[in-house]
Amino acid sequence: MEDVLSAVRLSLCVSGLSSVICAAVGIPCGCVIAMRQFRGKQSLLNILHTLLSVPTVVVGLVVYSMVCRQSPLGFMGLLFTPAAMVIGQVLLALPITVVLSYTAVAAVDAAAGETARTLGAGRVAAAFTMISEGRAGILAAVTATFGRLIGEVGVAMIVGGNIAGYTRTITTAIALETSKGEVGISLQLGAILLCISLGVNLLLQFLKGSRSSG
Amino acid sequence: MIDIRNLRHWLGTRCVLDIESLTLRNDAVNVIIGHNGAGKTTLLRIIAGLEACSTGSVVAGIPVTGRVFCSQKPYMFHGTVWDNLVKGLRFRRRPVDAAEVGQIASRLGLDPLLTRKAKRLSAGEMQRVALGRAMAVKPGLLLLDEPTANVDPDGVRAIEDEILRQHGKGVAVIVATHSHELAARRVANVLRLEEGRLTSAEMDNVFDAEVYHSGGDAFARLNGGVLVRCVSDRAGRLRIAIPANDVVVSLQRFDSSMANSLEGVIESVRSEKHRVELKLDAGIPLVAAITPVSLRRLAIGPGSNVVVSFKATSVRVL
Chain H
212 MEDVLSAVRL
222 SLCVSGLSSV
232 ICAAVGIPCG
242 CVIAMRQFRG
252 KQSLLNILHT
262 LLSVPTVVVG
272 LVVYSMVCRQ
282 SPLGFMGLLF
292 TPAAMVIGQV
302 LLALPITVVL
312 SYTAVAAVDA
322 AAGETARTLG
332 AGRVAAAFTM
342 ISEGRAGILA
352 AVTATFGRLI
362 GEVGVAMIVG
372 GNIAGYTRTI
382 TTAIALETSK
392 GEVGISLQLG
402 AILLCISLGV
412 NLLLQFLKGS
422 RSSG
Chain V
4 MIDIRNLRHW
14 LGTRCVLDIE
24 SLTLRNDAVN
34 VIIGHNGAGK
44 TTLLRIIAGL
54 EACSTGSVVA
64 GIPVTGRVFC
74 SQKPYMFHGT
84 VWDNLVKGLR
94 FRRRPVDAAE
104 VGQIASRLGL
114 DPLLTRKAKR
124 LSAGEMQRVA
134 LGRAMAVKPG
144 LLLLDEPTAN
154 VDPDGVRAIE
164 DEILRQHGKG
174 VAVIVATHSH
184 ELAARRVANV
194 LRLEEGRLTS
204 AEMDNVFDAE
214 VYHSGGDAFA
224 RLNGGVLVRC
234 VSDRAGRLRI
244 AIPANDVVVS
254 LQRFDSSMAN
264 SLEGVIESVR
274 SEKHRVELKL
284 DAGIPLVAAI
294 TPVSLRRLAI
304 GPGSNVVVSF
314 KATSVRVL
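Each protein sequence line maps, in turn, to chains H and V.
Going from the first sequence to the numbering used here is simple: count from 1 and add 211.
Going from the second sequence to the numbering used here is simple: count from 1 and add 3.
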């Protein structure tokens, strides 16, 4: 029980923190890409779309090679720590946040920004209006980011190391218990994971509802 | 007030605006008429500062922040009609005077809609919200692109009255429209735009008339003595307009419900893709719009004698 609680706590903390970082960095990036015209924009979008399908174990491997003892960042002793897991998860999910935020804002009618400007909004206020008008899509971006992270196992396993009570998340615990033949425990952990996802989604839906009814 | 010199504007390789010189006045509602694609919207957007012209200059006595543009397809922000009405004030960080915005709303007939979600309104309702939203910020110059498109007749009246009211308060107004009714009012300075160029600002089929009633029917006596049957509760010196689309051209007189029939001669024919404009002398200078098919079928041209007919209800008493 103690182990399960610790895994749930770590899953929520690591994925939650990673989602917050992704949102803080990815939403502004997506919005800027959507609202600015610049050279190489389409290429950048192509790269980002490709990154959506990078396997989690590959991201784990890249972060592993960055933080392992022999690497330039080895002195920081990050390998097999929750911090390394956060780094990996941010790298994994950032493209999702950026691409979905981009899509959300690009889908907003350009007339929204123009109307804001002719009504007296400055450039910054007009940009924030565009973002506000696309907020349903941006919320979907955050939901998708968190969903990807709470359920991923590759990064958590490779750079976290699945150390009980320290870097063991729900997903790595499921992998371990299954390999031990404890399928029953695995199924229970899976159910807990789904419940967490449901709870977070309901919370975000509630936030969306209370914002847009105003 | 607004001085335009040597304005040229290209979209790709197509020159959509070519205006050598144009001065828009402050003491009248400026109405730009023209068909779809004539360049009206582009001109308004350039004056509003939303688009830069390719070459030339636009000098306005009003700063860009004082110019508000209302699009033909207005964008409604998330939230209620009220949220939209006060949006401009919020952008400008000005206090919201609820009583004042409320007055604007009720003049435009928006009272029952205030708590409705703006995105769910009909197109005509959105037009009225957009106009109210623009007026709430007290602009120096209102640029309205087809403000009465999709609006029902009562709404049109409310919008036109509001435009004239704003003008009365000293707000400069430029309206782009293909409807002639507002243009035909005396307060209007009318400009005609055709394929990006200014052409004769003469209004088609608008006449000064003496409207009177006789035996229950209404008549309008035009200059030159031509008598036209119309429908009107008012009488006296008024203006009437006869929409060119409502003028029927035939080779002979025929029995019909149309109360007005005049004999005339075709002076000129101007063809567009789906529309032919006939300029006629029927005792009064009349313009009739027909289709290219009708032109071929009737086999008429300059010099042809024809009969023009129109219903009494087609005659708009302004």
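Note that beta-carbon positions come from the ideal geometry of N, C-alpha and C, so glycine has one too.
message = Distance cutoff 7 Å, beta carbons only. Does residue 143 (chain V) sit that close to anything in chain H?
response = Numbered from 1 along the second sequence, position 140 holds the residue referred to as residue 143 (chain V). False, the Cβ-Cβ gap to chain H never drops below 7 Å.
query = Since residue 313 (chain H) contacts residue 367 (chain H) with CB under 8 Å, what's their CB separation in whole angstroms?
reply = Position 102 of the first sequence holds residue 313 (chain H). Position 156 of the first sequence holds residue 367 (chain H). Not a contact, Cβ separation roughly 27 Å.
inquiry  = By the 7 Å beta-carbon criterion, what residues does the segment 85-99 of chain V contribute toward chain H?
reply    = 90, 91, 94, 95
Whole-angstrom distance between residue 275 (chain V) and residue 199 (chain V), CA atom to CA atom = The residue given as residue 199 (chain V) occupies position 196 in the second sequence. The residue given as residue 275 (chain V) occupies position 272 in the second sequence. Approximately 15 Å, taken between the alpha carbons.
request  = Under 8 Å between beta-carbons, which chain V residues line up against residue 336 (chain H)? List them in chain order, please.
outcome  = The residue given as residue 336 (chain H) occupies position 125 in the first sequence. What residue 336 (chain H) touches in chain V: 94.
query = How would you list, in chain order, the residues of chain C whose beta-carbon sits under 8 Å from the beta-carbon of residue 68 (chain V)?
reply = Absent from the structure: chain C. Protein chains present are H and V.
ask   = If we call anything under 7 Å between Cβ atoms a contact, is residue 264 (chain V) one with residue 231 (chain V)?
value = Start at 1 with the first residue of the second sequence, and residue 264 (chain V) comes out as number 261. Start at 1 with the first residue of the second sequence, and residue 231 (chain V) comes out as number 228. Result no, Cβ atoms of residue 264 (chain V) and residue 231 (chain V) do not sit closer than 7 Å.
ask   = residue 266 (chain H) by DSSP, collapsed to three states: which one?
value = Residue mapping note: residue 266 (chain H) aligns to position 55 of the first sequence, counting from 1. Coil.
inquiry  = Which runs of the alpha helix (DSSP H) at least 4 residues long sit entirely within the segment 348-392 of chain H? Give them in chain order.
reply    = 381-390
inquiry  = So with CB distances below 9 Å, who are the chain H contacts of residue 140 (chain V)?
reply    = One-based indexing of the second sequence puts residue 140 (chain V) at position 137. Those are 330, 331, listed as they occur along chain H.
key: 7 Å CB neighbourhood of residue 383 (chain H) in its chain, flanking five on each side removed   = Here residue 383 (chain H) refers to the residue found at position 172 of the first sequence. Within the same chain, residue 383 (chain H) has close Cβ partners 364, 367, 368, 371, 373.
Neighbour flag for residue 214 (chain H) against chain V, beta carbons, 7 Å = If you number the first sequence from 1, residue 214 (chain H) lands on position 3. No, residue 214 (chain H) does not count as interfacial toward chain V.
query = residue 296 (chain H): which of H:308, H:214, H:380 sits nearest, CA to CA?
reply = As a first step, residue 296 (chain H) is located in the first sequence; it is residue number 85 there, counting from the start. Considering only alpha carbons, the answer is H:380.
ask   = Roughly how many angstroms lie between the CA atoms of residue 425 (chain H) and residue 256 (chain H), to the nearest whole one?
value = Your numbering for residue 425 (chain H) matches position 214 in the first sequence. Your numbering for residue 256 (chain H) matches position 45 in the first sequence. For residue 425 (chain H), the predicted model reports a pLDDT of 39, less than 50, meaning its position is unreliable; a value from the coordinates is still stated below. One C-alpha to the other measures close to 34 Å.
ask   = What separation, rounded to the nearest whole angstrom, lies between the Cα atoms of residue 214 (chain H) and residue 338 (chain H)?
value = The residue you call residue 214 (chain H) lines up with position 3 of the first sequence. The residue you call residue 338 (chain H) lines up with position 127 of the first sequence. Straight-line Cα distance between these residues: approximately 47 Å.
task = Given a cut-off of 7 Å, decide if residue 262 (chain V) and residue 292 (chain V) are closer than it, judged by their beta-carbon atoms.
result = Residue numbering aside, residue 292 (chain V) sits at position 289 when the second sequence is read from its first letter. Residue numbering aside, residue 262 (chain V) sits at position 259 when the second sequence is read from its first letter. Cβ distance not < 7 Å, so residue 292 (chain V) and residue 262 (chain V) don't count as in contact.
task = Could you check the C-alpha separation between residue 397 (chain H) and residue 212 (chain H) for me, to the nearest Å?
result = Here residue 397 (chain H) refers to the residue found at position 186 when the first sequence is read from its first residue. Here residue 212 (chain H) refers to the residue found at position 1 when the first sequence is read from its first residue. Approximately 13 Å between the Cα atoms of the pair.
ask   = Where does residue 297 (chain V) sit, in a helix, a strand or coil, going by DSSP?
value = For the purposes of this step, residue 297 (chain V) is identified with residue 294 of the second sequence, where counting begins at 1. If DSSP states are grouped into helix, strand and coil, residue 297 (chain V) belongs with the helices.
query = Do you know whose CA, among V:315, V:52, V:215, lies nearest residue 240 (chain V)'s CA?
reply = Locating residue 240 (chain V) in the second sequence gives position 237, counting from the first residue. The candidate whose alpha carbon is nearest that of residue 240 (chain V) is V:215.
ask   = Looking at C-alpha atoms only, which residue of V:270, V:252, V:207 is the closest neighbour of residue 243 (chain V)?
value = The residue you call residue 243 (chain V) lines up with position 240 of the second sequence. The shortest Cα separation from residue 243 (chain V) among V:270, V:252, V:207 belongs to V:207.
ask   = So what does DSSP say about residue 279 (chain H), is it helix, strand or coil?
value = Taking the first sequence and counting its residues from 1, one reaches residue 279 (chain H) at position 68. Coil, per DSSP.
ask   = Under the rule that 16 or more other beta-carbon atoms within 10 Å means buried, what is residue 260 (chain H), buried or exposed?
value = Within the first sequence, residue 260 (chain H) is the residue found at index 49, counting from 1. Per the 10 Å Cβ criterion, exposed.
query = In chain H, which residues lie less than 9 Å from residue 74 (chain V) when you measure between Cβ atoms?
reply = To locate residue 74 (chain V), count along the second sequence from 1; it is residue 71. Under the 9 Å cutoff, chain H gives 322, 325, 326, 329.
message = Quick check on this structure: which residue in V:142, V:71, V:94, V:48 has the alpha carbon closest to the alpha carbon of residue 61 (chain V)?
response = Reading the second sequence from its first residue, position 58 is the one you call residue 61 (chain V). Checked all of V:142, V:71, V:94, V:48; the closest Cα to residue 61 (chain V) is V:48.
ask   = Counting only beta-carbon atoms, is residue 147 (chain V) nearer than 7 Å to chain H?
value = Residue numbering aside, residue 147 (chain V) sits at position 144 when the second sequence is read from its first letter. Taking Cβ atoms only, chain H never reaches closer than 7 Å to residue 147 (chain V), which makes this a no.
Beta-ladder partner(s) of residue 327 (chain H), from DSSP = As a working note, residue 327 (chain H) is residue 116 in the first sequence. Beta-bridge pairing links residue 327 (chain H) to no other residue.
inquiry  = Using only CA atoms, which one of V:25, V:237, V:5 lies nearest to residue 319 (chain V)?
reply    = Along the second sequence, read from residue 1 onward, the residue named residue 319 (chain V) stands at position 316. Nearest option by C-alpha distance: V:237.
ask   = Under the DSSP definition of a beta bridge, which residues are partnered with residue 239 (chain V)?
value = As a position in the second sequence, residue 239 (chain V) is number 236, starting the count at 1. For residue 239 (chain V), which the question treats as bridged, DSSP gives the partners V:214.
request  = Check the DSSP bridge columns for residue 13 (chain V) and list the partner residues they point to.
outcome  = Stepping through the second sequence from its first residue, residue 13 (chain V) is reached at position 10. DSSP output for residue 13 (chain V) lists V:18 as bridge partner(s).
task = Assuming residue 268 (chain H) contacts residue 303 (chain H) (C-beta within less than 8 Å), just tell me the rounded distance between them.
result = Residue mapping note: residue 268 (chain H) aligns to position 57 of the first sequence, counting from 1. Residue mapping note: residue 303 (chain H) aligns to position 92 of the first sequence, counting from 1. Going by Cβ atoms, the distance from residue 268 (chain H) to residue 303 (chain H) rounds to 10 Å, so no, they are not a contact pair.
Closer than 9 Å at the beta carbon, the chain V residues around residue 344 (chain H) = Taking the first sequence and counting its residues from 1, one reaches residue 344 (chain H) at position 133. In chain order: 78, 80, 81.
message = Here's the rule: buried if 16 or more other CB atoms are within 10 angstroms of the residue's CB, otherwise exposed. What is residue 234 (chain H)?
response = Residue numbering aside, residue 234 (chain H) sits at position 23 when the first sequence is read from its first letter. By the 10 Å Cβ count, residue 234 (chain H) comes out buried.
Sufficient close CB pairs (3 or more, under 8 Å) joining the segment 277-284 of chain H to the segment 346-357 of chain H = no
inquiry  = Can you pull out the residues from the segment 9-38 of chain V whose beta carbon lies closer than 7 Å to at least one beta carbon of chain H?
reply    = none
ask   = Do you know how far the Cα of residue 144 (chain V) is from the Cα of residue 3 (chain V)?
value = A question about residue 3 (chain V) goes unanswered here, because the residues of chain V that appear run from 4 up to 321.
Boundaries (first-last residue) of the beta strand (DSSP E) holding residue 35 (chain V) = As a working mapping, residue 35 (chain V) is identified with position 32 in the second sequence. Residue 35 (chain V) -> beta strand (DSSP E) spans 32-36.
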